[in-house]
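J.: Please read through the structure below; I'll follow up with questions.
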């Protein structure tokens, strides 16, 4: 199979990631933070080392401010529910995933918050100027993705982060589509809360993610119970990361994230980004030559490896099904858990076909995909 659904989860994972993770699961996997025996200590060491690697990758000085979660959605829920209070004003955008939109809409009903949904510029980018025009006296939080999951453009996060700092507004960033693809520095970008999955471009297994919050913030757990620490106290620990890491951690998944980051470091984020960018723009250039194709991804912008298209007068689900059944190509159709973005673009009813690039894709695979799209558009 040719796999172009990497924005959903990366496949394949690097061989070394799987090899080292499965070896750990077979020989050393115990419950981290619970037991003092040898393999328990080894499991705790894996958790600590992964926290260290995350800290280094994102320039997080205090790694105890990093808590592991089961995915990015959980991390975003923790960040949003911890910081938003009654009648707060929140700035977000129409390009956000439902993992931001749905918690905010719930809080709108429960806490009467005011939400401003920013629209991007003509290049599908949220800029500092767009944000600044919408700040109010009671703006509490700016919550934005680094790169959106429908057309793959990057927002001006560093400039927006500086604005948030100047205005004393909290800044939460969802890096689901950019972590491992682009250099991210929470200090330079003035990011207060960073939320990431592990299973996408950090190349870990499913069931992994993390949240970082800086020293200004006190996050609140959404799950209570055993943490392996302060076990003689019936109250939930009040320190990071213990307070958020309730129950047995997914140590096998965390090991895979550690190995994924090690693999990324061995290649280099810049090298990964360069290869993916070349393939992305090559795909766009080749698709542009085909009749009856609508390309929604901007052609001249820096992109997170996402190319979104439709064949005129063809349902996106039909096209994805044909690609799968006839050509053995995996892409994703529909609205991609991003209804406001599709409404803005005008594709809420039709959806579109999203192809997403990974480091492991090749130019030949792009050519096969483009030829398949050309064949399908002739079926009209």
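In the working numbering, the protein residues as written are -16 to 363.
All residues carry an ideal CB built from backbone N, CA and C; glycine is no exception.
Only a predicted model underlies this, so the values are computations on that prediction, with no experimental measurement involved.
1. Leaving out the 5 sequence neighbours to the left and right, which residues in its chain are closer than 8 Å to residue 212 when beta-carbon positions are compared?
2. Could you give the uninterrupted runs of the beta strand (DSSP E) lying entirely in the stretch 152 to 227, keeping only those of 3 residues or more?
3. State the start and end residues of the unbroken alpha helix (DSSP H) segment that holds residue 233.
4. Rounded to the nearest angstrom, what separates residue 102 and residue 138 at their Cα positions?
5. Given 8 Å as the limit, is there contact between the stretch 160 to 167 and the stretch 201 to 218, that is, 3 or more CB pairs closer than that?
6. The beta strand (DSSP E) that contains residue 97, what's its start and end?
7. When the distance is taken between beta carbons, is residue 363 closer than 8 Å to residue 77?
8. Could you tell me the boundaries of the beta strand (DSSP E) in which residue 336 lies?
9. So which of 174, 142, 151, 89 has the shortest CA-CA distance to residue 119?
10. My output table needs one value for residue 12: the three-state DSSP class, helix, strand or coil.
11. In angstroms with no decimal places, state the Cα-to-Cα distance between residue 232 and residue 176.
12. Just to confirm before moving on: does the CB-CB distance between residue 135 and residue 288 stay below 8 Å?
13. Taking only heavy atoms of the ligand GTP into account, decide whether any of them is closer than 7 Å to the Cβ of residue 184.
14. Can you tell me whether residue 274 is buried or exposed? The criterion is at least 16 other CB atoms within 10 Å of its CB, across all chains shown.
15. Less than 8 Å separating the beta-carbons of residue 340 and residue 259?
16. Identify the residues that DSSP records as bridge partners of residue 131: which are they?
17. Report yes if the CB atom of residue 46 is closer than 8 Å to the CB atom of residue 35, and no otherwise.
18. With DSSP run on the structure shown, which of helix, strand or coil describes residue 355?
19. In terms of DSSP beta bridges, what is residue 50 paired with?
20. According to DSSP, is residue 248 part of a helix, a strand, or is it coil?
21. Pairs of beta-carbons, one from the stretch -16 to -5 and one from the stretch 336 to 350, closer than 8 Å: are there three or more?
22. Straight-line CA distance for residue 307 to residue 157?
23. Closest to residue 41 by CA distance: which of 312, -4, 230, 171 is it?
24. Flag this pair as yes or no: are the beta carbons of residue 412 and residue 303 separated by less than 8 Å?
25. Please report the Cβ distance between residue 194 and residue 305, rounded to the nearest whole angstrom; I am assuming they are in contact, meaning their Cβ atoms lie under 8 Å.
26. Identify the residues that DSSP records as bridge partners of residue -14: which are they?
27. Please determine, among 106, 80, 105, 74, the residue with the shortest C-alpha to C-alpha distance to residue 91.
T.: Taking the coordinates as given:
1. As a first step, residue 212 is located in the chain shown; it is residue number 229 there, counting from the start. 16, 220, 225.
2. 153 to 157, 176 to 180, 192 to 196
3. The residue you call residue 233 lines up with position 250 of the chain shown. Note, residue 233: premise wrong, no alpha helix (DSSP H); not H, not E.
4. Within the chain shown, numbered from 1, the residue matching residue 102 stands at position 119. Within the chain shown, numbered from 1, the residue matching residue 138 stands at position 155. Spanning the two alpha carbons is a distance of roughly 12 Å.
5. no
6. Against the chain shown, residue 97 aligns to sequence position 114. Looking at the DSSP string, the run of the beta strand (DSSP E) that includes residue 97 is 97 to 101.
7. Along the chain shown, read from residue 1 onward, the residue named residue 77 stands at position 94. Along the chain shown, read from residue 1 onward, the residue named residue 363 stands at position 380. In this structure, residue 363 does not lie closer than 8 Å to residue 77 by Cβ.
8. Counting from 1 along the chain shown, the entry for residue 336 is found at position 353. Start and end: 336 to 339.
9. As a working mapping, residue 119 is identified with position 136 in the chain shown. When each option's Cα is compared against that of residue 119, the closest is 151.
10. Stepping through the chain shown from its first residue, residue 12 is reached at position 29. Correct three-state label for residue 12: coil.
11. Here the question's residue 232 lines up with position 249 in the chain shown. Here the question's residue 176 lines up with position 193 in the chain shown. Cα to Cα, the separation comes out at about 21 Å.
12. Within the chain shown, numbered from 1, the residue matching residue 135 stands at position 152. Within the chain shown, numbered from 1, the residue matching residue 288 stands at position 305. Between residue 135 and residue 288, the C-beta gap is smaller than 8 Å, which places the two residues in contact.
13. Looking for the ligand GTP in the displayed structure turns up nothing, as the structure carries no ligands at all.
14. Along the chain shown, one-based indexing puts residue 274 at 291. By the neighbour-count rule (16 or more Cβ atoms within 10 Å), residue 274 is not buried but exposed.
15. One-based indexing of the chain shown puts residue 340 at position 357. One-based indexing of the chain shown puts residue 259 at position 276. Against a cut-off of 8 Å, the Cβ pair of residue 259 and residue 340 comes out as a contact.
16. Taking the chain shown and counting its residues from 1, the one referred to as residue 131 is at position 148. For residue 131, which the question treats as bridged, DSSP gives no partner whatsoever.
17. For the purposes of this step, residue 46 is taken as the residue at position 63 of the chain shown. For the purposes of this step, residue 35 is taken as the residue at position 52 of the chain shown. Yes.
18. Numbered from 1 along the chain shown, position 372 holds the residue referred to as residue 355. Residue 355: helix per DSSP, three-state reduction.
19. Residue numbering aside, residue 50 sits at position 67 when the chain shown is read from its first letter. Bridge partners of residue 50: 194.
20. In the chain shown, the residue the question calls residue 248 occupies position 265. In the structure shown, residue 248 sits in a helix (DSSP, three-state: H, G or I).
21. As far as the Cβ criterion goes, the stretch -16 to -5 touches the stretch 336 to 350, which means the pair count is three or higher.
22. As a working mapping, residue 307 is identified with position 324 in the chain shown. As a working mapping, residue 157 is identified with position 174 in the chain shown. Each residue's Cα considered, the two are about 30 Å apart.
23. Position 58 of the chain shown holds residue 41. Considering only alpha carbons, the answer is 171.
24. Because the chain in this structure spans residues -16 to 363, residue 412 falls outside the shown range and cannot be described.
25. Locating residue 194 in the chain shown gives position 211, counting from the first residue. Locating residue 305 in the chain shown gives position 322, counting from the first residue. Incorrect: roughly 39 Å between the Cβ atoms, too far for contact.
26. Mapped onto the chain shown, residue -14 falls at position 3. Note: residue -14 sits in a beta bridge opposite 313.
27. Counted from its first residue, the chain shown places residue 91 at position 108. For residue 91, the closest C-alpha among the options 106, 80, 105, 74 is that of 74.
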